[in-house]
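Here the structure is laid out as structure tokens; the discussion comes afterwards.
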Amino acid sequence: MNSYHLDHLQHLESEAVHVMREVAAEFERPALLFSGGKDSICLLRLAEKAFRPSDLPMPLLNVDTGHHFPELNEFRDRRAQQLGARLIVRHVEDAIAKGIAVPTPGEVSRNRLQIPTLLAAIEEFRFDCAIGGARRDEEKARAKERFFSFRDSFGQWDPKNQRPEIWNLYNARVNPGEHMRVFPLSNWTESDVWEYIKREQLDVPSIYFSHPRRCYRRDGQWLPVSDLLPSKPSDQVKELVVRVRTIGDIISTGMVESRADSVDDIIAEIAAARVTERGSRADDKSSEAAMEDRKKQGYF
Amino acid sequence: MSTHTRHPIEILRFNTCGSVDDGKSTLIGRLLYDSKNLMEDQLEALERSADITGGGAINLANLTDGLRAEREQGITIDVAYRYFATPRRKFIVADTPGHVQYTRNMVTGVSSANLSIVLVDARNGVTEQSRRHTYLAALLGIPHLIIAVNKMDLVDWSEERFLEIRAEIEAFLPRLDIFKDVKFIPISALDGDNVVDPSQKTPWYEGPTLLGHLETVHIASDWNLSAFRLPVQWVNRPNNPRDPKLHDFRGLSGQIAGGIVKAGQKIMVLPSGWKSSVKEIWTLDGPLKEAFCPQSVTLVLEHDLDISRGDTIIGLENLPGMSADLAAKICWMNPRPLQRGRKYLLKHTTQTVQALVAGIENRINIATFDPEPQPAELAMNDIGEIRLRTSRPLVFDGYANNRLTGSFILIEQGTNLTVAAGMLQQPTELVKPEYNDFAI
């Protein structure tokens, strides 16, 4: 190898920084979706790489379902403050109260209700672009996603009619009312994300590391016991040593039994893993096209 | 940028293309499966769909055909990306559709690839689609090519048949004259022969397996490192910096599109022609002594020049072309045909300008690769040579020398659709530097 050579993380970083700067240059009112999860933690570091020593030229946006892990929200707020970034949080609870999001009778999950809440926030602030941390390796429908993913005035994705995306020439043009979702981590895998967290020495919320937690078994998964979803008498409740591999809402995030309590341990654990990250998300399992259907409606 | 690891792992991007039913998706499924990059829940999902739709047999194509319409029709509609790794390399795979009407997606999948795999069905031999895909890979300047002769099990592993197909392709390859290397590999994607593990059924074949070749093909020189080009993407000027040292900070950010830049070296800004030198290569992790393509960096210059997005910073050697009159090969991707006199937006590196179609020189006949001169228009999926006049001169290289500074897209105003991928011809005239050493 000669010295003019990038390893895979440097290569992915350079690509993502290019995409971020393209957003800053081409859009008038972009936002960066930041949840405090591992992917969006990488996004924020990439934004620093792209824009420092200037301030980040876009606010951070999060849709709070009201079912978030408290550790995640604490981390989100702290990280935004450290970076001196503006953080906008919009709540599903408020969207329900205003009639923007309407739950189906008996619907406990807030997953679907994030969609109208996010679209209302995009409309409220007239955002013309939202940067997200989605990766193509997560799921089959996401594998078809472009870096610059066009959304019509209803916020919808039309997978059969995507703009060709050629070289690094991104077509960022949208008409008023339409917007773009941009995914700088498109080509990253789960292990790339953790290797980058290690290389950049990034903090992550504590729930990614193993900790004792009361869980119960449902649909082949260990779900955390919480006020939102109390266990039924018939449930088998156990105190386990667990961590999360991917973070969704408390009521749908499967905990994995793990002793990994450092980033190195996590990298080793993923290398040996025999199921994908999304295997622990109940929201994706409902049908083979679950993600595609949600994405078409405006999910991220 | 962070420091190098001791054994850097390279990324190789490749795509698979072929006609419908040539087995592209099956091949990717096989690569993932045999290199142990498939997870249990993915296998479970495969088995679930096998029970429902496949009469019990696992269909490896279901791994990449992620959209409902694709599974229903049993075809690949859009480019699907897959990721897998071996201890030697990381791979980004674009599974690109073979349908004629989806050529635009194939261009999407191929444009940034190091390597292209064209699948040929051993029974059907070389079809118009195989020729089209090979031509497109050459047109887009893909350095490495694999012709995977698939379904060899259905022709009794006949060496004669394999050599026949090989000869047919080798007969037209010299006309494309672009690939650094071309490899012919006899495989069965369905059974896995010569995909990851060498096959017992091809004693007459002495080359590598498909994965073996993907792991070892030399890609380190695929980027242009000889002529420095930095299209300015974003001007970095801190608004109210807390650090007083940053009050006058003016950084020029972008991804290096060619060559190497060193701190202290002389540079020129185009189209203005102003000269200066590099004061600092700024990164979040501290200044660099040098940086190279395709790194994303921020340059600080010695002089405070009026530079904005769309300008190009270059070294003083290996000068580019600069012109508003351009000749290019394009792949047309819109149902509304391209006609002389039409205006489009043209995006080249980091600038978007107006472009007028001044003429259509020819249309390539894919069956013969011969140019048909002076066509009335270019229709969807046509490839041809056109002349353009732009509202502002482009600073560019021929596509054959640099895929990043030699490429552009055309955008239709109003619909904002990307309607063409363009590859610029070599400049007829290079930038002429003046002899004043510095602007200030």
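Chains A and B, in that order, are what the protein sequence lines are. Just so you know, the first sequence maps onto residues 111 to 410 in the numbering used here. Just so you know, the second sequence maps onto residues 539 to 978 in the numbering used here. Even glycine gets a Cβ: it sits at the ideal position worked out from N, Cα and C.
query: Look at the alpha carbon of Met130(A) and the alpha carbon of Leu170(A), and state the distance between them as a whole number of angstroms.; result: 14 Å
query: In the DSSP assignment, find the beta strand (DSSP E) that holds Gln889(B) and state where it starts and stops.; result: Gln889 to Asn903
query: Pull up the distance between the alpha-carbon of Gly802(B) and that of Thr624(B), whole angstroms please.; result: 40 Å
query: I need the DSSP call for His756(B), collapsed to helix, strand or coil.; result: coil
query: Tell me the rounded alpha-carbon separation between Val335(A) and Ala231(A).; result: 31 Å
query: Using the beta-carbon count (16 or more within 10 Å), is Arg236(A) buried or exposed?; result: exposed
query: By the three-class DSSP mapping on this structure, what secondary structure does Glu184(A) have?; result: helix
query: Would you give the residue range spanned by the beta strand (DSSP E) that Gln331(A) belongs to?; result: Gln331 to Pro334
query: Beta-carbon separation of His128(A) and Gln793(B) under 8 Å?; result: yes
query: What number of angstroms, rounded off, separates the C-alpha of Gly952(B) from the C-alpha of Tyr882(B)?; result: 10 Å
query: Could you say which of Ala160(A), Asn278(A) and Leu338(A) lies nearest to Ala651(B) if we only look at CA atoms?; result: Asn278(A)
query: Please name the residue in Leu193(A), Lys348(A) and Pro215(A) whose C-alpha comes closest to that of Pro163(A).; result: Leu193(A)
query: With DSSP collapsed to three states, give me the class of Met539(B).; result: Low confidence applies to Met539(B): its pLDDT is 41, below 50, so where it sits in the model is not reliable, and the reading given next is rough at best. In this structure, Met539(B) counts as coil in the three-state DSSP scheme.
query: Can you pull the chain B residues whose beta carbon is under 8 Å from the beta carbon of Arg384(A), in chain order?; result: Met577 and Glu578
query: Do Leu784(B) and the ligand ATP come close, with the Cβ less than 7 Å from some heavy atom?; result: In terms of ligand content, the structure shown is empty, and the ligand ATP therefore cannot be addressed.
query: Between Thr554(B) and Leu728(B), how many whole angstroms is the CB-CB distance? I'm expecting something under 8 Å.; result: With a Cβ gap of about 15 Å, Thr554(B) and Leu728(B) do not count as contacting.
query: Near Asn856(B), what residues of its chain come up, given a Cβ to Cβ distance below 7 Å and the 5 sequence neighbours on each side ignored?; result: Ser764 and Ala765
query: Compute the Euclidean distance between the alpha carbons of Thr591(B) and Gly287(A), then round it to the nearest angstrom.; result: For Thr591(B), the pLDDT reaches just 49, beneath the cut-off of 50, and the residue's location in the model is therefore unreliable, although a value from the coordinates is still provided. Computed Cα separation, rounded: 41 Å.
query: Measuring alpha carbon to alpha carbon, tell me which of Leu229(A), Ile360(A) and Ala240(A) ends up nearest Pro294(A).; result: Ala240(A)
query: Can you tell me which of the three DSSP states Asn529(B) falls into?; result: Outside the modelled stretch of chain B, which goes from 539 to 978, sits residue 529(B), for which no answer is possible.
query: Applying a beta-carbon distance threshold of less than 8 Å, which residues of chain B neighbour Ala135(A)?; result: Gln771, Trp772, Arg847 and Thr888
query: Please identify, using Cβ separations under 9 Å, the residues of the stretch 920-952 of chain B that lie next to chain E, in order along the chain.; result: The chain inventory of the structure shown lacks chain E, comprising the protein chains A and B.
query: Could you compute how far the alpha carbon of Leu752(B) sits from the alpha carbon of Trp812(B)?; result: 44 Å
query: Determine the direct distance from the alpha carbon of Glu305(A) to that of Glu548(B), and round the result to whole angstroms.; result: 15 Å
query: What does Trp277(A) touch in chain B if you count any residue whose Cβ is under 7 Å from its own?; result: Ser649, Ser650, Arg941, Leu942 and Ser945
query: Give the DSSP bridge partners of Phe946(B), in chain order.; result: His886(B) and Gly960(B)
query: Mind checking Ser124(A): buried by the 16 CB within 10 Å criterion, or exposed?; result: buried
query: Do you know offhand how far Ala959(B)'s Cα is from Ser259(A)'s?; result: 18 Å
query: Below 7 Å on C-beta distance, what does Val127(A) contact in chain B?; result: Ser834
query: Below 9 Å on C-beta distance, what does Gln272(A) contact in chain B?; result: Asp616, Val617, Asn643 and Thr646
query: Tell me which residues share the same chain as Ser737(B) and place their Cβ nearer than 7 Å to its Cβ, disregarding the 5 neighbours each side in the sequence.; result: Asp731
query: Can you tell me whether Leu550(B) is buried or exposed? The criterion is at least 16 other CB atoms within 10 Å of its CB, across all chains shown.; result: buried
query: Sort out for me which residues DSSP pairs Ile852(B) with in a bridge.; result: Arg767(B) and Met806(B)
query: Could you tell me how far apart the beta carbons of Val770(B) and Arg847(B) are, in whole angstroms, since I believe they sit closer than 8 Å?; result: 6 Å
query: Which same chain residues, not among the five before or five after Thr890(B), have their C-beta less than 6 Å away from its C-beta?; result: Leu883
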